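Going by this note's numbering, the final residue of the sequence shown carries number 458, and the count climbs one at a time with no gaps.
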Amino acid sequence: MHRKARPVRDGREIGATYAAGLITATNAIRIAYYRGIYAKLAKSPNGTRGAMMAVGTTLEDANGFCELENFAGRIQVAACNSLSSITLSGDDDAIDEAVGIFKDEQKFARKLKVDTAYHSTHMEACALPYLDSITRCDVQVQDGNGHWADNMTQMVLFSSAAAIAVSQSGPFDIALEIGPHPALKGPFLANLDDDALFHTLASFHETRMMLKNFLLHLQKHWSCPITPLTIGRAIAFNDESSAVESLFSIKLITDVPHELVADFARYSSLNSDPMGLNASGRIVFTLSDTAPDILPAIQSEQFNLVDVEIERFYDSLTQLGYEYSAPFRGVKQIKRKINCAVGNIEDASGSDWEDQLIVHPAMLDTAVQTIFAAHFCPGDGELWTLHVPTHIDSLVINPRTGHDATTSGDVHILVDVGGQQQGFVQIEGVHLVPLSAPTPGDDAVLFS
């Protein structure tokens, strides 16, 4: 068996460094021995016990969580295992609180059975005596002995290590995990599924595939369900001169006659920051002849509905912080009642827009705006802050032949073709979350 790469984490790096021939067996034993000896000196600056936890979230979300006022200085990211697997470390009481919060958010969260907060400020008390001991043992490594102290105190970048292993030494015939149980099997496979190579390397043009061009040569129309669509974060520009590196990756899952199934992900990076996941999902392309009745022309029973003034509707959204302008201001008519809204929306992208997309993002955004109309009436206080979509259960598109038709509907978007209503876009299960928690000041005044 020929070893090609050794991505490791924590103290396992000692064995990997020895296996790579960078240290002797004697020094490997010394490094591991004194690590265990001085780990007992770990203590919190706040005087509490240490603890660790695993959570199924992104690195960006975890960093933001640790910077919250209640957790700053008490908890920090200990390891990034994959795009959606993070280890947190810190004060025992803070870890208990964090587990509860993440579980309330319907995220995987589990406290680990350890009593030491590795890779946190707790370990700083161990670092100096540990470094002193291995220095007196005359342990020599390429980056200096300070590396072994950093190994205890700094965050573990296992996700990056796995990506580099794949990009520089892959492909592999087999991956073997050495340890008491397969703790890293899931994160390592997740890194492969997430195309971790794409996040680590700047250039990988030879692996990209233009799926749109691939479909066009088939000379077929296609319907496109996305199930589900998860939105991690928006692509943000600080100002007009900001440059954002963006990456869209597709991994083909099924390729059979008349159907393609693929997982996709969108990543972006501002300046030199690490790539972050913006959105992901699974897309199904069904290739067939044009069929206007693929999507049902769902009609809502239009009784007990009241008209909503469009200008007042958008003025209310502006007061909350939404700055809609053309072509994202496409709602032309609304009638509503509680939990129901119908009306007309317009594909405002028009022929002047260079992209000429089959479905312009502005029209999809406008469709989501109609959900606001179903849940609040301008001025009633039901919508107190910005709400942003984070998850869509299903989005199905049945392409049309032109861009000049006006669409109508609520979340089921219909197109008027020759006087007949035909299904064009079907959006189900749009989950919108507030950017801030409600306060007493946001409550509606029922009595004065």
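Built from N, CA and C at the ideal position, the CB exists for glycine as well. Note that the coordinates shown come from a computational prediction; the quantities given were computed from them, not determined experimentally.
Between residue i and residue j, is the Cβ-Cβ spacing less than 8 Å?
{"i": "L315", "j": "K345", "result": "yes"}
{"i": "A289", "j": "T240", "result": "yes"}
{"i": "L93", "j": "V65", "result": "no"}
{"i": "F44", "j": "I144", "result": "Contrary to the premise, residue 44 reads as Tyr rather than Phe in this sequence. Yes."}
{"i": "I304", "j": "N161", "result": "no"}
{"i": "L262", "j": "A275", "result": "no"}
{"i": "A89", "j": "V176", "result": "no"}
{"i": "R120", "j": "A104", "result": "no"}
{"i": "I368", "j": "K342", "result": "no"}
{"i": "T67", "j": "I96", "result": "yes"}
{"i": "A108", "j": "F81", "result": "yes"}
{"i": "A185", "j": "F198", "result": "yes"}
{"i": "L122", "j": "M63", "result": "yes"}
{"i": "P388", "j": "S326", "result": "yes"}
Around the C-beta of residue i, are 16 or more other C-beta atoms found within 10 angstroms, so that it is buried, or is it exposed?
{"i": "F124", "result": "According to the sequence as given, residue 124 is Val; it is not Phe. Its Cβ having fewer than 16 others within 10 Å, V124 is exposed."}
{"i": "Q436", "result": "buried"}
{"i": "F338", "result": "buried"}
{"i": "W398", "result": "Reading off the sequence shown, one finds Val at residue 398, where the question assumed Trp. The residue is exposed, with fewer than 16 neighbouring Cβ atoms inside 10 Å."}
{"i": "F247", "result": "exposed"}
{"i": "D357", "result": "buried"}
{"i": "I41", "result": "buried"}
{"i": "D390", "result": "exposed"}
{"i": "F382", "result": "buried"}
{"i": "N91", "result": "buried"}
{"i": "G74", "result": "exposed"}
{"i": "I402", "result": "buried"}
{"i": "I24", "result": "buried"}
{"i": "D370", "result": "Checking the displayed sequence, the identity of residue 370 turns out to be His instead of Asp. Buried: at least 16 other Cβ atoms inside 10 Å."}
{"i": "S459", "result": "Absent from the model: residue 459. The displayed extent of the chain is 11 to 458, so no value can be given."}
{"i": "L78", "result": "exposed"}
{"i": "A35", "result": "exposed"}
{"i": "Q116", "result": "exposed"}
{"i": "F386", "result": "buried"}
{"i": "S259", "result": "buried"}
{"i": "V266", "result": "exposed"}
{"i": "F118", "result": "exposed"}
{"i": "A30", "result": "exposed"}
With a CB to CB cut of under 7 Å and the five nearest residues on each side skipped, what residues in its chain are close to residue i?
{"i": "Q164", "result": "H129"}
{"i": "K53", "result": "H132 and A135"}
{"i": "Y324", "result": "Y334 and R339"}
{"i": "T58", "result": "D101, D102 and D103"}
{"i": "G331", "result": "L396"}
{"i": "K195", "result": "E187"}
{"i": "R243", "result": "E70, G286 and N288"}
Just to check my reading of the structure: residue i and residue j have Cβ atoms closer than 8 Å, yes? What is that Cβ distance to the nearest angstrom?
{"i": "D102", "j": "N56", "result": "Rounded, the Cβ-Cβ distance is 10 Å, inconsistent with contact."}
{"i": "P444", "j": "T395", "result": "5 Å"}
{"i": "A377", "j": "N349", "result": "A377 to N349, Cβ: 17 Å. No contact."}
{"i": "Y140", "j": "A159", "result": "6 Å"}
Leaving out five residues before and five after residue i in sequence, what residues of the same chain have Cβ atoms less than 6 Å from its Cβ?
{"i": "S256", "result": "S278"}
{"i": "L280", "result": "V254"}
{"i": "D317", "result": "K345"}
{"i": "E70", "result": "G286"}
{"i": "T411", "result": "Confidence is the limiting factor: at T411 the pLDDT is only 46, short of 50, which leaves the residue's position unreliable, though a coordinate-based value still follows. So no residue of the chain qualifies."}
{"i": "F4", "result": "This structure cannot settle anything about residue 4, because the visible part of the chain is limited to 11 through 458."}
{"i": "A72", "result": "V87 and I96"}
{"i": "L51", "result": "A135 and C136"}
{"i": "Y48", "result": "C136, P139 and Y140"}
{"i": "K113", "result": "A119"}
Using a Cβ-Cβ cut-off of 8 Å (strictly less than) and excluding sequence neighbours within five positions of residue i, which residues of its own chain qualify?
{"i": "R292", "result": "I236, T237, P238, I263, V271, A272, D273 and F274"}
{"i": "Q312", "result": "K345 and V352"}
{"i": "V149", "result": "I33, N37, R40, I41, N155 and W158"}
{"i": "K347", "result": "N314, L315 and V316"}
{"i": "D106", "result": "A61 and K121"}
Can you find a CB in chain C that lies within less than 8 Å of the CB of residue i?
{"i": "E134", "result": "Structure shown: chain C not included; a single protein chain is present."}
Q. What are the start and end residues of each continuous alpha helix (DSSP H) run of 4 or more residues lying completely inside the region 64-124, in chain order?
A. The qualifying runs are 69-76 and 102-114.
Q) Can you give, in chain order, each stretch of the beta strand (DSSP E) that sits fully within the region 312-348 and has at least 3 residues? A) Restricting attention to beta strand (DSSP E) runs no shorter than 3 residues, the region 312-348 encloses them at 316-318 and 341-347, ordered along the chain.
Q: Taking only runs that begin and end inside the region 29-65, name each unbroken alpha helix (DSSP H) of 4 or more residues, in chain order.
A: Contiguous alpha helix (DSSP H) elements confined to the region 29-65 occur at 35-49, taking only those with 4 or more residues.
(Q) Ignoring anything shorter than 4 residues, give me the alpha helix (DSSP H) runs that lie fully in the region 151-176, in order along the chain. (A) Scanning the region 151-176 from its first residue to its last, the whole alpha helix (DSSP H) runs of 4-plus residues come out as 156-163.
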